[in-house]
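Quick note: the sequence shown uses the working numbering, first residue 1, plus one each step.
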Amino acid sequence: MVREWVAVIPVKRLSAAKSRLRGAVPAARHADLALAMVRDTVAAVLAGDAVAELLVVTDDPAAGDAVAALGARVVPDPGGDLNAALRHGADRVAGLTRCRVVLAGDLPALRPGELDAALAGAGRRSFVADANGSGTVLLAVPPGRPLDPHFGLGSAVAHAASGAAALAGDWPGLRQDVDTPDDLSAVLDLGPGPHTRQLLRDLGLTGRRVPAA
């Protein structure tokens, strides 16, 4: 497979990230968990065969340093909401002449082959719904088309309504984003990447249900 895609991942300030996940790990390690999941997502994206370049849109210094060390390019957040950050990274920085894909930054069980398979089927503007079917973990767009992201509550329906095609595939790691303790437990069942696995092991959480907040 030719490396032709530019991937874009947005990362909030770690101190404000994953508010619904608070309580799953001790408060002092919450930002560490958010960063571990970002690192595993970035590593998986870069380990595949389809992505030529990964842009991480963030103003968090720790996140920027961590993803740069993995091989990502850090792009300052332009301000505004999540969709503004994605449009900036995909349409302005990467540019409309490239194949672009935006992904959630909380996919710690992502396998590189899952992303490659999803992108192989993205011949037009396409999206992948999350595990519960309501959210979106991936939005891909071919050259010449604006990204037109609609992330937020009910984004899968919004992306379908905007004309994006839903990609169907057995990609459990790609679909499993992490918003709640139950999501983190699902990641434990799938097998998290090394950064998330090590953090949870250090906290004595590997191999059992994650406590709810």
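Heads up, the beta-carbon is just placed ideally off N, CA and C, and yes, glycines get one too. For clarity, every value in this text was computed on a predicted model and none was experimentally measured.
With H, G and I counted as helix, E and B as strand and the rest as coil, what does DSSP make of residue i?
{"i": "A17", "result": "coil"}
{"i": "T136", "result": "strand"}
{"i": "V141", "result": "strand"}
{"i": "S126", "result": "strand"}
{"i": "A164", "result": "coil"}
{"i": "L110", "result": "coil"}
{"i": "P192", "result": "coil"}
{"i": "Q198", "result": "helix"}
{"i": "F146", "result": "The amino acid at residue 146 is misidentified as Phe; the sequence shows Pro. Coil."}
{"i": "G121", "result": "coil"}
Give me the DSSP bridge partner(s) of residue i.
{"i": "A7", "result": "L54, V101"}
{"i": "V75", "result": "V57"}
Thinking C-beta only, is residue j closer than 8 Å to residue i?
{"i": "D49", "j": "R87", "result": "no"}
{"i": "L54", "j": "V45", "result": "yes"}
{"i": "A117", "j": "L190", "result": "no"}
{"i": "V57", "j": "A85", "result": "yes"}
{"i": "R125", "j": "W5", "result": "no"}
Measuring CA to CA, which of the options is closest to residue i?
{"i": "V263", "options": "A28, D60, L103", "result": "Given that the chain is displayed from residue 1 to residue 213, the structure contains no residue 263 and the question cannot be resolved."}
{"i": "P181", "options": "T206, G163, V6", "result": "T206"}
{"i": "D183", "options": "G154, L153, L107", "result": "L107"}
At a cut-off of 7 Å, is residue i close to the ligand FMN when judged by its beta-carbon and the heavy atoms of the ligand?
{"i": "M37", "result": "Among the components modelled here there is no ligand, and therefore nothing to report on the ligand FMN."}
Using a Cβ distance threshold of 8 Å, determine whether the segment 85-100 contacts the segment 127-136, with at least three qualifying pairs required.
no
Is there contact between the segment 32-39 and the segment 191-209, where contact requires at least three CB pairs shorter than 8 Å?
yes
Touching by the beta-carbon criterion (3+ pairs, under 8 Å), the segment 166-176 and the segment 9-17
no
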